[in-house]
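Asks: Mind the numbering: the sequence shown is residues -24 to -1, 1 to 199 in mature numbering (1 follows the signal peptide of the UniProt record, and there is no 0), read in order.
Where is the CB? At the ideal position from N, CA and C, for every residue including glycine.
If you scroll down you'll find the structure; I have some questions about it.
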Amino acid sequence: MKAIAKRTAMFAVACLMITGTAAASLPEKEVQAASGYTGYIKSATTSLKRSKSKKSKTLARIKKGKKVTVYYTSGSWRKISYKGKKGFVPKKRVKISTKAPKLKGSKKTKGKTVASFAKRFVGNPYRWGGTNLNTGADCSGFTKAVYRSFGYNIPRTSSSQRRAGKKVSYKKEQPGDLICYSGHVAIYIGGGKIVHASSRKTGIKISPKANYRKVVSVRRIVR
């Protein structure tokens, strides 16, 4: 029983969110990608709608397993294209591909690739103890899963991730770096912003200020 209690406490600390600071970290609702990225219809045949409404015109019917191009997630909808038609389907109907692009170029360029990939999953759920980019992840589960997609095996908890990779100064942070807080971790995406699995209420989101809480460490993972 003591061992179980210890593990439970560890996970609770791993993604603790301080209520007083959450308001300063409002989520970005849409993360658009001009060229799009791969997704798959993961449930029964679904309707491609002209707008974000069940009552809007149906542009196509898409069967389970069909490949689509995803552009962004907005609320409970994803904008996609299928056979040349662009429209919206319920977010829960589309699984985002976790196949990451190859890392090329300088460390900075590689980091930007990691950050761009991580943003694909904005709008997906937070799940305590989870490590799945589609069905749910907690803060350190999210960062681990993102880097795992690129072949990097970083530690599981936020506290252990503070020792991963190479330590860099916060003033020299680059996209793709881990931003570590007490009991939390995120991925820096540039422009002072982070993407992270924040809470059950907001899920995976982008926050406009990486320093919305005290930063205890910045770690560079890409080599």
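1) Can you give me the C-alpha to C-alpha distance between ARG195 and ASN110, rounded to a whole angstrom?
2) Whole angstroms are fine: how far does the CA of VAL46 sit from the CA of SER23?
3) Which residue's Cα is closest to the Cα of THR119: LYS88, VAL192, GLY152 and ALA20?
4) Is it right to say LYS40 is buried, meaning 16 or more other beta carbons lie within 10 angstroms of its own, or is it exposed?
5) Look at the alpha carbon of ALA(-1) and the alpha carbon of TYR188, and state the distance between them as a whole number of angstroms.
6) Rounded to the nearest angstrom, what separates VAL162 and VAL44 at their Cα positions?
7) Where are the alpha helix (DSSP H) runs, 4 residues long or more, that stay fully inside the segment 66 to 96, in chain order?
8) Just checking my contact of ALA186 with GLY159 at CB under 8 Å: how many whole Å lie between their CB atoms?
9) Out of curiosity, what's the CA-to-CA distance linking ALA121 and GLY51?
10) Going by DSSP, what residue range makes up the alpha helix (DSSP H) through SER116?
11) My understanding is that ASP114 touches TYR123, with C-beta atoms under 8 Å, so please give their C-beta distance in whole angstroms.
12) Could you give the distance in angstroms between the alpha-carbon of GLY166 and the alpha-carbon of GLN150?
Replies: Taking the definition as stated:
1) 25 Å
2) 15 Å
3) GLY152
4) exposed
5) Bear in mind that a pLDDT of 37 at ALA(-1), under 50, signals an unreliable position, so the model cannot answer this.
6) The residue asked about is misnamed: residue 162 is Ala in this sequence, not Val. Rounded to whole angstroms, ALA162 to VAL44 spans 28 Å at the Cα level.
7) 83 to 95
8) Going by Cβ atoms, the distance from ALA186 to GLY159 rounds to 16 Å, so no, they are not a contact pair.
9) 23 Å
10) 115 to 124
11) The pair is not a contact, with the Cβ atoms about 15 Å apart (cut-off 8 Å).
12) 7 Å
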